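Chemist: Dumping the structure here so I can ask a few things about it.
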Amino acid sequence: MTKIVQNLIEKDYDHEGVERESWEIWEREKLYDYQPDDGRKLFSIDTPPPYVSAAHLHVGHAMSYAQAEFVVRYKRMQGFNVFYPMGFDDNGLPTERYVEQTYNVNKSNITRERFRELCMEETAKGAKTYEEMWRGLGLSVDWSLKYSTIDPHCQRTSQRSFIDLYNKGMVYRDDSPVIWDTHFETALAQADVDTLTRNGQMHDIAFKSVDTGEALVISTTRPELIPACVAMYFHPKDERYQHLEGKEAEVPLFGHKVPIRTSEEVDMEFGTGLMQVCTFGDGEDVKKWKDDKLDTRVCINPNGTMTNLAGPFAGMKVEQARREIVKALKEQELVVGSKQVKQNVSVSERSSQPIEFVMAPQWFIRLLDYRDEFLKRSEQLQWYPDYMKVRLDDWVNGLKYDWNISRQRFYGVPFPIWYCKDCGNVVVAKENTLPVDPAEQPCPAESCGNCGGTEFEGESDVMETWMTSSLTPLVNANWAGTEGRKGDMSIYPMSLRVQAFEIIRTWLFYTVAKSHFHHDGLPWRDCMISGWGLNEQGKKISKRDLEKFTDKEGYNRYDPHSVIQKYSADALRFWAAGSHLGHDLRFNEKDVRTGRKVVIKLWNVARLCNILLEGFNPSAPRPDLAERSVEDRWVQIELAKTIKTVTAGFERYDYAYGREALERFFWGVFCDNYVEIVKDRFWNPERYSEELRASAQATLWESLRVLLALFAPYLPFITEAIFQRLYKPYEDIASIHVAEWPEEVAELEAAETPDGMALILDLLNATRELRSQNKISQTKVLEGIRIDMDGADDGTKHMVQELAGSIQSATRCKEVVYGPADYATAVDGVKLEIVAEA
RNA sequence: GGGUCCGUAGCUCAGCUGGCUAGAGCGCCGUCUUGACAUGGCGGAGGUCACAAGUUCAAGUCUUGUCGGACCCACCA
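So, in structure tokens, the structure goes:
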């Protein structure tokens, strides 16, 4: 084997060139391709399939995906067979909204077919942008494992899931009132609802007792629901109203009569203690309507306008009707009082419109019956960080409804079912025909098994998007048995789910529920919950930030592509590694610049190592550690401690912990002290023995190599570039990213700082400070240093004399002399003075 | 109303099972250019660890309470 020669590493670091070059190697070597059954332990990871609206892509996204990827690269180097797919979530309301806004269309003015086309087009565009972005960031995804939630494979998986649940009796159809989005004109699930606090008007409105004609005053923030009023309630113990029980009240303006009933749930302190129930204002109304079998009077259409029941107010939007009805009531002096109140309004997460309750038949998955089992699953799952568990538990404990999976929309996975036109009996598709679209394909049954009817109608609703994304582990494991896909049920359950906290109640919960139903187990062993990348003010990075801060050249500090171009992908990743698990991280361009500094420092120190290693033969035997100099032993001990720390961090997915330790070693120990000290052995060879140079070369060669490996998960490009230039010819691996993770060395980890090294560093620091005080360059060779050991004990005196060579070398002076000095060093009883001129 | 996380230098944050004379990066001030790096080196200033009480030989670290911030859940006639 050849010896190391000069100039293996170019003077200037060109990150774009290195990024290109690295990808060429990675693709040529198929480094990230998953090879099934290769005998190694498996590590599989389930990361979020992002929505297609790629225009909103910002550094926060880059942050969370990079964080998951640090772990992936670590596991790969640990020798795991890595299964790392990437998905795109391109069905469902987010995509539909994006298309509605981009093309200015809505459900009423476009055909289902055309709308689906537009969605597919946008989906493809978005996926492309994302893929470029992820590659730019260096994500080591196996792209042949790509899925998109609207592709046939995912549709097959979702439909199979539905059929399995149908056969197990875990789905049912019901036409109770459901949470409704009047903008998208579709039903929603409980998890799709957000709460908004806003100012509202609370009105006291006079109804009339049919019996006595007395005024019965109720308080409401929603007077527009008066036409839908079906009952009046008071608390059974409320003395004021005992005489009303069983009587009727007349509804103002609309004149219909409603029964007066009692309920324990009425709060006597609220308003007058009288309460109206309408079909339907909120969940309470629905409950009373069900329990007490009240009338049904619907005054709001699915599109948020008033029905004919509202008489003169029919056709108005809800807000307008509210104003007009109050006006009309005021004219008749039926509004007894009004006050402003802070109210919490339930709104659709996707449209931000207040939700209504609408009656439309829907498919539900049973959740309420399984709460305890979900809580047990939550217990079994390994949470990182562990406190995130309570978020799932809270959600499970607060469940009020079963999971409504029907959406009255266009763009989603169809339900694999048909209904008999005569009796409504359900016919389910055969599993080997999936995916099916019942809106277009004929029913597989000849006649109805129930009534013998021969006419069928396919279900036109589609499944909500979480119905598919809750299956990502099973999509990856090819549960549906799609031909030609890599990955099978042997990867299931997966090793790790990575996601942010805000979708614990949706993505995480639904995935756990599905896995519980389908396979009676967890979908993954561990879950790692990340925070958000926020802007400098600690707020979510918005679309507006992306528009507002883009300059004429198209540079935007929140745009990952811009940032990568300017600072390098490694620099952006370095920033991303700075947030501790579960914690948000404020973005700051300066921190990315710091990342770039680290990258360049690594490049330059590798160049220096290259120079110092000239003539070194990596294949030849190297001196034992015990025979090396104190400085060399010291750096190896510090490195071993760093390996231990970084490894321990990664084992609990704490990449930030590792990054910190690594940076501390790299900068503080390796660059600023170790290399600074040993380079003199090469600049002034006449003062040192061959053995000392050999010792330094061996140590430099080994420790830089370990550093590259430790940095590799964080900085995949620069580490690859240095590895290829310096180490590749001597190693039988294609890339640093398939190198073995540095081994922990127990003896070194536990070792104390070698005798004397602390002394050398203390004297070096003292010299540095004296140089600084006297305005002498740190690199200038001093005539000498004078050490005053009058106050020191014999052990120290002895050690100083023994280490005089190292001290002289570290402090970069021509000679060490002993005599009176003034500057007190950190070493007990030792003072020091520098001699600059002869 | 219940819960979780957080409150440490001007800023962003470390500080894991209590031992700290409290750290890093950025920023600031000073200073240093003949063989890796000025995209740099070295030095310096800057903190009663939100507040109060308690446990302990010892508390930034544990307990309780108060205040402030972020978020989750609930309520939402």
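My numbering runs 2 ahead of the 1-based position in the first sequence.
We put the CB at the ideal spot given by N, CA and C, even for glycine.
Predicted model only: the values in this text are computed from it and were never measured.
#1: Between which two residues does the beta strand (DSSP E) harbouring M135 extend?
#2: Taking only the alpha-carbon atoms, compute the straight-line gap between Y34 and V500 and give it to the nearest angstrom.
#3: Using the C-alpha atoms, what's the distance from F458 back to P229?
#4: Between the Cα of R695 and the Cα atoms of K488, Y235, S811 and Y105, which residue gives the shortest distance?
#5: Check whether the Cβ atoms of I407 and M469 sit closer than 8 angstroms, and answer yes or no.
#6: The beta strand (DSSP E) with S178 in it runs from where to where?
#7: Taking the C-alpha atoms as reference points, what is the distance between V565 and V61?
#8: Could you tell me if R575 is buried or exposed, where buried requires 16 or more neighbouring beta carbons within 10 angstroms of its beta carbon?
#9: Can you tell me the Cα-Cα spacing of E692 and N686, whole angstroms?
#10: List the endpoints of the continuous beta strand (DSSP E) containing I789.
#11: Can you list, in chain order, the residues of its chain whose CB lies under 7 angstroms from that of V260, leaving out five sequence neighbours each side?
#12: Quick one: what's got a C-beta closer than 7 angstroms to P822's C-beta in the same chain, skipping five residues either side?
#13: Cα separation between F684 and N537?
#14: Please state whether DSSP places S471 in a helix, a strand or coil.
#15: Can you list, in chain order, the stretches of the alpha helix (DSSP H) that have 4 or more residues and sit fully within the stretch 20–90?
#16: Can we count F186 as close to the ligand ADP, meaning its CB is less than 7 angstroms from some heavy atom?
#17: What is the residue span of the alpha helix (DSSP H) that F156 lies within?
#18: Leaving out five residues on either side along the sequence, give the residues of the same chain with a beta carbon under 8 angstroms from the beta carbon of A794.
#19: Which partner residues does G195 have in the DSSP bridge list?
#20: Taking Cβ positions, are L190 and S350 nearer each other than 8 angstroms?
#21: For the alpha helix (DSSP H) that E375 lies in, which residues bound it at each end?
#22: Is A515 near L276, with beta carbons less than 8 angstroms apart?
#23: Taking the straight line between their C-alpha atoms, what separation do you get for R487 and N399?
#24: Would you mind stating whether R588 and G540 have Cβ atoms separated by less than 8 angstroms?
#25: Do you know how far the Cα of A658 is from the Cα of Y389?
#26: Cα-Cα, which of L473, D240 and G460 is closest to T159?
#27: Which one or two residues does DSSP pair with D572 in a beta bridge?
#28: Secondary structure at N406, three-state DSSP: helix, strand or coil?
#29: For V195, collect the residues of the same chain with a Cβ closer than 8 angstroms to its Cβ; drop the 5 residues on either side in sequence, then sort them by chain order.
#30: Tell me whether P96 sits in a helix, a strand or coil according to DSSP, three-state version.
#31: Can you tell me whether M759 is helix, strand or coil according to DSSP?
#32: Just to confirm the assignment: which complete alpha helix (DSSP H) runs, minimum length 4, are found wholly within the stretch 409–477?
#33: Relative to the C-alpha of V430, which residue among E98, N169 and E751 is closest?
#34: Is the beta carbon of R635 less than 8 angstroms from the beta carbon of I11?
#35: Around the C-beta of H800, are 16 or more other C-beta atoms found within 10 angstroms, so that it is buried, or is it exposed?
#36: Beta-carbon separation of S808 and V632 under 8 angstroms?
Modeler: Reading it off the structure:
#1: Segment R114 to G138 is the alpha helix (DSSP H) holding M135; no beta strand (DSSP E) there.
#2: Distance between the alpha carbons of Y34 and V500: 19 angstroms.
#3: Cα to Cα, the separation comes out at about 38 angstroms.
#4: For R695, the closest of K488, Y235, S811 and Y105 by C-alpha to C-alpha distance is S811.
#5: I407 is a Cβ neighbour of M469, given a cutoff of 8 angstroms.
#6: Segment: none, S178 is in no beta strand (DSSP E) and carries neither H nor E.
#7: Rounded to the nearest angstrom, the two C-alpha atoms are 8 angstroms apart.
#8: Flag for R575 reads buried.
#9: Near 12 angstroms, if we compare the C-alpha coordinates of N686 and E692.
#10: I789: member of the beta strand (DSSP E) spanning L784 to D790, first to last residue.
#11: Same-chain partners within the cutoff: C231, V232, A233, M234, E250, A251 and V253.
#12: The beta carbon of P822 sits closer than 7 angstroms to those of D790, all from its chain and outside the five residues before and after it, given in chain order.
#13: Whole-angstrom Cα-Cα distance: 48 angstroms.
#14: Of the three classes helix, strand and coil, the one that applies to S471 here is helix, per DSSP.
#15: Entirely contained in the stretch 20–90, the alpha helix (DSSP H) runs reaching 4 residues are, in chain order, 61–79.
#16: Judged by which ligands are present, the structure shown has none, so any question about the ligand ADP falls away.
#17: The sequence given here has Cys at residue 156, not Phe. P154 to N169 is the extent of the alpha helix (DSSP H) around C156.
#18: If we look at A794 and ignore the five residues flanking it on each side, its Cβ neighbours are V802, V829, D830, G831 and V832.
#19: The amino acid at residue 195 is misidentified as Gly; the sequence shows Val. Residue pairing by DSSP places V195 opposite S350 in a beta bridge.
#20: Judged by their CB atoms, L190 and S350 are nearer to each other than the 8 angstroms cut-off.
#21: Note, E375: alpha helix (DSSP H), R373 to Q382.
#22: No. Outside cutoff.
#23: Approximately 38 angstroms, taken between the alpha carbons.
#24: Taking 8 angstroms as the cut-off, the beta carbon of R588 is found closer than this to the beta carbon of G540.
#25: One C-alpha to the other measures close to 18 angstroms.
#26: Of the candidates L473, D240 and G460, the one whose C-alpha sits nearest the C-alpha of T159 is L473.
#27: DSSP, once it has assigned bridges, lists no residue as partnering D572.
#28: It is a strand residue.
#29: Sequence-distant Cβ neighbours of V195 in its own chain, meaning closer than 8 angstroms and more than five residues away, are I181, S348, V349, S350, E351 and I357.
#30: The three-state reading of DSSP puts P96 in helix, counting H, G and I together.
#31: Helix.
#32: Entirely contained in the stretch 409–477, the alpha helix (DSSP H) runs reaching 4 residues are, in chain order, 467–471.
#33: Residue N169 is the option with its Cα nearest to V430.
#34: Not a contact, by the Cβ cut-off of 8 angstroms.
#35: H800 comes out exposed.
#36: Yes, the Cβ-Cβ distance between S808 and V632 is below 8 angstroms.
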